[in-house]
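In our numbering, the protein residues as written are 5 to 236.
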């Protein structure tokens, strides 16, 4: 029999103890500074709500809101989290970005009336890097393997060296999203950037926040035009 869990929301829309993840998520999703954890016993969940159980003490007890991965980044680095969303793919889309620079924290987002999810994933990274006024050491976290692999495995650099062509079955064809890859590579040339993949929808605080920002941007009023994509 699957062990029952108790979800304690210490800071959220309605603090309390919930018996299923969906109910808990509804109280914390998009809530700035949310604090919540899962426990295997109601007693531990109640202690957490009272501030008497800062760290899980029993086997199987783990935090829901995972520490942001950037805690492992050397001091002095700028940290960027980025995510993209799209309704329809193609369809209305948006990106959400969080830039952490020392004690400064910025949230960026924008929505477009017709675009793709991959374009929003790339544009989220671009927005974060373009927000930096000076060259910097940067770590970019994305849950898009398309983005991370294209940079870390030098796919995008190869497409650029071929005049924005990619090889498919021994034939060169136009690389998708070349306009955005060009912008991103130029920014990578300006800054010292590392790209890291983070699992999406896995409780990482900043990644979850970017997801909320991106999805909200898709439904905002006066969506912008992704001119390059709409010309295709």
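Note that the Cβ used here is the ideal one computed from N, Cα and C, for glycine as well.
Per-residue burial, residue i [other beta carbons within 10 Å of its own, 16 or more giving buried]
i, result
"residue 211", "buried"
"residue 219", "buried"
"residue 226", "exposed"
"residue 176", "exposed"
"residue 228", "exposed"
"residue 96", "buried"
"residue 61", "Because the pLDDT at residue 61 is just 34, under 50, the model does not fix this residue reliably, and the point stays unresolved."
"residue 165", "exposed"
"residue 196", "exposed"
"residue 190", "exposed"
"residue 230", "buried"
"residue 98", "buried"
"residue 41", "buried"
"residue 137", "exposed"
"residue 174", "exposed"
For residue i, three-class secondary structure by DSSP
i, result
"residue 208", "strand"
"residue 41", "strand"
"residue 113", "strand"
"residue 123", "helix"
"residue 17", "coil"
"residue 140", "coil"
"residue 12", "strand"
"residue 166", "coil"
"residue 106", "coil"
"residue 132", "helix"
"residue 57", "Residue placement at residue 57 is poorly supported in this model, since its pLDDT is 45, which falls under 50; the coordinates are not used for a value here."
"residue 222", "helix"
"residue 236", "coil"
Residue(s) in a DSSP beta bridge with residue i
i, result
"residue 201", "146"
"residue 192", "For residue 192, which the question treats as bridged, DSSP gives no partner whatsoever."
"residue 86", "101 and 146"
"residue 33", "For residue 33, which the question treats as bridged, DSSP gives no partner whatsoever."
"residue 171", "176"
"residue 228", "116"
"residue 95", "119"
"residue 22", "11"
Inter-residue spacing [alpha-carbon to alpha-carbon] between residue i and residue j
i, j, result
"residue 25", "residue 13", "11 Å"
"residue 103", "residue 110", "5 Å"
"residue 156", "residue 106", "25 Å"
"residue 127", "residue 133", "10 Å"
"residue 142", "residue 47", "42 Å"
"residue 221", "residue 159", "29 Å"
"residue 114", "residue 187", "17 Å"
"residue 235", "residue 169", "19 Å"
"residue 43", "residue 9", "6 Å"
"residue 18", "residue 216", "19 Å"
"residue 205", "residue 30", "14 Å"
"residue 152", "residue 171", "19 Å"
"residue 112", "residue 33", "18 Å"
"residue 20", "residue 101", "30 Å"
"residue 148", "residue 129", "11 Å"
"residue 16", "residue 27", "12 Å"
"residue 185", "residue 116", "18 Å"
"residue 144", "residue 194", "14 Å"
"residue 84", "residue 233", "25 Å"
"residue 162", "residue 140", "24 Å"
"residue 23", "residue 213", "23 Å"
"residue 223", "residue 146", "22 Å"
"residue 150", "residue 93", "15 Å"
Under 8 Å: do the segment 86–93 and the segment 115–126 share three or more Cβ pairs, one atom per stretch? yes
Taking 8 Å as the threshold, find out whether the segment 199–217 comes into contact with the segment 175–189 through three or more Cβ pairs. no
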